[in-house]
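Trainee: Chains as they are written, first to last, in the numbering used here: chain G, 1 to 278; chain C, 1001 to 1278. Before I ask anything, here is the structure I am working with.
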DNA sequence: CGAATATTTGAAGTGGCTCAAGTCCAGTGG
DNA sequence: CCACTGGACTTGAGCCACTTCAAATATTCG
């Protein structure tokens, strides 16, 4: 039956299906740009012209499967990666091949805005889950930043928030135990998912395997598994097929010593600064 | 005798001493700004007018003793900290008071350029050693960035390099053992000192105690001590009174799996990008 | 259904931690 | 000039969080 439907479609609607797909890709790009703009507006005040400059960016939409490497260390890049859907990871690799993930980017993030000012990264970027991305030319982003100083500041600000998150991860890797690290990460990603409008903090689709989680938390797969099971009992954590659900979110936040200040979600915090730009 | 000299100075030269001091402070500021400019020029091409804008920045010079906290988490800041001499640390603090240092800044670094776009940091900043700093108003830096887009990019680029270093620390905390972490850190700081012109990579003044080193490496003081002693045998490391000397630097780099690519010292790497800005 | 990937479990090993002294050294006051 | 003090460094012994290795059991997907 399913086969029949497919044939029907292929036979009767092929030309219009191509159109539908082109239209769909364009829609996806717009969806991504809208998410990205919303992300910027969380922390930056932008005029109509400046918002338009973001929404008018063009890029190539692509679906990428888990594990696909998008950027390799020391290789120049000319496009920024806008995450439309899914999960993109920044990673560093040791000589023996072991990996450490140093950032995770969700829908609406541009995962290497860094490479606009520094086009040869020291890190790699891979799809951590099956994802939809758009590749946006650095030149276009740069042109927008030069034309609108407020956009340059918004981009700069975005990379600073990224660094703030990275600093928190560093602190946790250095000073927190496995349960705290896992709990903190789940709280953070949950919060970011909720803010991005793609899930609730206590119920979201992460798409990571436990092995990838291990690479993120600086642990082994085995120990991640044991820690997940411990949190299962402690806070009603369920982690199946990349879907994360938490019964007792406050308890999770307590175990993770989680305080979302470092995510810079408080728009007023930067208020005094906007005045002098616009 | 020493007392006598002091009295003589105080009695006879007091008025001119004040002048001398003012002049000296101004000299120190200029020295710091020159170092900072040199740092920017490592990675960014700047016109004469843009260089001038940096050198004309004004700020208050201050001597700060080890341990002095300069910025506290969640507290708005209005000045950036330019390191003229010494060592400034960015840190995060756990609930139980244990610290993790997430960045070290040496002469010529501005240790919180981040707070220009994001004036409420999630981290703290302290003097890790007795240091000389200059406090430069965010407004002045921002004005320069708005007037000269190339400066905005240079600042942005500087925070991205900072993030690249942070990502490397994260990777090492997550995946490297104590000896590797220590060796890598010493290689990195040595390289940066050498580039900044304040020491050789195998002989420089760090100014950190082993306890602070522990907070940087995510270890305990005891274990840092044992690791230092191990490297003493392996590579002829001497670590006394904050002075670091290494007999066999290549061996240290090998133990630390050190590759300085992430420091973005290769000016040509960003070449393609300059064209489109200037 | 079969192959590959992901999760779970057990048992033994170890790198780094904790706790507890003790030494070295620079600075301070008498 | 010395005794005192506090900070930094060093050392030892026992312990534990996490790793390693090895294998069994889901789960996903073509």
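Beta carbons are placed, not taken as given, at the ideal position from N, Cα and C, and that holds for glycine. Everything numeric in this text was worked out from a predicted model, so none of it was measured.
Out of G:79, G:43, G:48, G:88, point me to the one whose CA is closest to residue 64 (chain G)'s CA.
Mentor: Comparing Cα-Cα distances from residue 64 (chain G) to each of G:79, G:43, G:48, G:88, the minimum goes to G:88.
Trainee: DSSP on residue 180 (chain G), reduced to helix/strand/coil?
Mentor: Residue state, collapsed to three classes: helix.
Trainee: For the structure I just gave you, are there three or more beta carbon pairs, one from the stretch 71-91 of chain G and one from the stretch 1135-1154 of chain C, closer than 8 Å?
Mentor: Contact between the stretch 71-91 of chain G and the stretch 1135-1154 of chain C is absent, because fewer than three Cβ pairs lie under 8 Å.
Trainee: Quick one, are the C-beta atoms of residue 102 (chain G) and residue 1102 (chain C) less than 7 Å apart?
Mentor: Not a contact, by the Cβ cut-off of 7 Å.
Trainee: Should residue 1197 (chain C) go down as buried or exposed, given a rule of 16 or more other Cβ atoms within 10 Å for buried?
Mentor: Result: exposed.
Trainee: According to DSSP, is residue 64 (chain G) part of a helix, a strand, or is it coil?
Mentor: Correct three-state label for residue 64 (chain G): strand.
Trainee: Could I get the ranges of all uninterrupted beta strand (DSSP E) runs contained in the stretch 1180-1253 of chain C, with 3 residues as the minimum, in chain order?
Mentor: Whole beta strand (DSSP E) segments, 3+ residues: 1203-1205, 1237-1240, 1243-1246.
Trainee: What are the boundary residues of the alpha helix (DSSP H) that residue 1055 (chain C) is part of?
Mentor: Segment 1048-1055, the alpha helix (DSSP H) holding residue 1055 (chain C).
Trainee: Round the Cβ separation of residue 1115 (chain C) and residue 1090 (chain C) to the nearest angstrom and send it over; I've been treating them as touching at under 8 Å.
Mentor: The pair is not a contact, with the Cβ atoms about 11 Å apart (cut-off 8 Å).
Trainee: Apart from the five residues just before and just after residue 67 (chain G), which ones in its own chain have a Cβ nearer than 7 Å to its Cβ?
Mentor: Result list for residue 67 (chain G): 126, 127, in chain order.
Trainee: Report buried or exposed for residue 267 (chain G), applying the criterion of at least 16 other Cβ atoms within 10 angstroms of its Cβ.
Mentor: That one is exposed.
Trainee: Going by DSSP, what residue range makes up the beta strand (DSSP E) through residue 141 (chain G)?
Mentor: Where residue 141 (chain G) is concerned, there is no enclosing beta strand (DSSP E), although the alpha helix (DSSP H) it sits in stretches over 138-147.
Trainee: Since I believe residue 176 (chain G) is in contact with residue 1094 (chain C) (beta carbons under 8 Å), could you give me their beta-carbon distance rounded to a whole number of angstroms?
Mentor: Right, their Cβ atoms sit about 7 Å apart.
Trainee: Once you ignore the five residues that flank residue 144 (chain G) on each side, which residues in its own chain have a CB closer than 6 Å to its CB?
Mentor: Excluding residues within five positions, the ones whose Cβ falls inside 6 Å are 53, 151.
Trainee: Residues in the same chain with beta-carbon distance under 6 Å from residue 1173 (chain C), minus the five sequence neighbours each way, listed in chain order, please.
Mentor: Closer than 6 Å at the Cβ level, and outside the excluded window around residue 1173 (chain C), lie 1218.
Trainee: By the three-class DSSP mapping on this structure, what secondary structure does residue 1258 (chain C) have?
Mentor: Looking at residue 1258 (chain C) - three-state DSSP - the assignment turns out to be coil, as it is neither helix nor strand.
Trainee: What's the C-alpha gap between residue 131 (chain G) and residue 1073 (chain C)?
Mentor: The straight-line gap from Cα to Cα measures roughly 35 Å.
Trainee: Which residues, in chain order, does the stretch 157-169 of chain G contribute to contact with chain C at a C-beta distance below 8 Å?
Mentor: Cβ contacts with chain C come from 157, 159, 160, 161, 162, 163, 164, 166, 167, 168, 169.
Trainee: Taking C-alpha atoms, which residue in C:1257, C:1229, C:1123, C:1158 lies nearest to residue 1210 (chain C)?
Mentor: Among C:1257, C:1229, C:1123, C:1158, the Cα nearest to that of residue 1210 (chain C) belongs to C:1229.
Trainee: If you follow the beta strand (DSSP E) that residue 116 (chain G) is part of, which residue opens it and which one closes it?
Mentor: Looking at the DSSP string, residue 116 (chain G) is not in any beta strand (DSSP E), and its letter there is neither H nor E.
Trainee: Report all residues from its chain with a CB closer than 8 Å to the CB of residue 969 (chain C); omit the five preceding and five following residues, and keep chain order.
Mentor: A question about residue 969 (chain C) goes unanswered here, because the residues of chain C that appear run from 1001 up to 1278.
Trainee: Please check if any C-beta of chain G sits within less than 7 Å of the C-beta of residue 1074 (chain C).
Mentor: Yes, contact with chain G.
Trainee: Put residue 97 (chain G) into one of helix, strand or coil per three-state DSSP.
Mentor: Reduced to three states, the DSSP call for residue 97 (chain G) is coil.
Trainee: My output table needs one value for residue 1092 (chain C): the three-state DSSP class, helix, strand or coil.
Mentor: In this structure, residue 1092 (chain C) counts as strand in the three-state DSSP scheme.
Trainee: Using a cut-off of 8 Å between C-beta atoms, extract the partners of residue 1220 (chain C) located in chain G.
Mentor: Those do not exist, as residue 1220 (chain C) stays about 11 Å from chain G at its closest Cβ, beyond 8 Å.
Trainee: List the residues of chain G whose Cβ lies closer than 7 Å to the Cβ of residue 1292 (chain C), in chain order.
Mentor: No answer is possible for residue 1292 (chain C): it lies beyond the span of chain C, which begins at 1001 and ends at 1278.
Trainee: Would you kindly check if the distance between the Cβ of residue 1129 (chain C) and the Cβ of residue 1086 (chain C) is under 7 Å?
Mentor: A contact, by the Cβ cut-off of 7 Å.
Trainee: Applying the 10 Å Cβ sphere with the 16-neighbour rule, what's the burial state of residue 1044 (chain C)?
Mentor: Answer is buried; the Cβ neighbour count reaches 16.
Trainee: Comparing the C-beta of residue 1123 (chain C) with each C-beta of chain G, is any distance below 7 Å?
Mentor: Answer yes: the Cβ-Cβ gap between residue 1123 (chain C) and chain G drops below 7 Å somewhere.
Trainee: Using only the alpha-carbon positions, how far apart do residue 1264 (chain C) and residue 1058 (chain C) sit?
Mentor: Going by the C-alpha atoms only, they are around 28 Å apart.
Trainee: Any idea if residue 187 (chain G) is buried or exposed, counting beta-carbon neighbours within 10 angstroms, 16 or more meaning buried?
Mentor: Per the 10 Å Cβ criterion, buried.
Trainee: Residue 106 (chain G) by DSSP, collapsed to three states: which one?
Mentor: Coil.
Trainee: Please identify, using Cβ separations under 7 Å, the residues of the stretch 233-264 of chain G that lie next to chain C, in order along the chain.
Mentor: Hits within the stretch, in order: 257, 261, 262, 264.
Trainee: Can residue 334 (chain G) and residue 134 (chain G) be called in contact, C-beta distance under 7 Å?
Mentor: Examination of residue 334 (chain G) is not possible in this model, given that chain G is present from 1 through 278 alone.
Trainee: Determine the direct distance from the alpha carbon of residue 99 (chain G) to that of residue 251 (chain G), and round the result to whole angstroms.
Mentor: Near 30 Å, if we compare the C-alpha coordinates of residue 99 (chain G) and residue 251 (chain G).
Trainee: May I ask you to list the residues that DSSP assigns as paired with residue 71 (chain G)?
Mentor: Looking at the DSSP assignment, residue 71 (chain G) forms a beta bridge with G:125.
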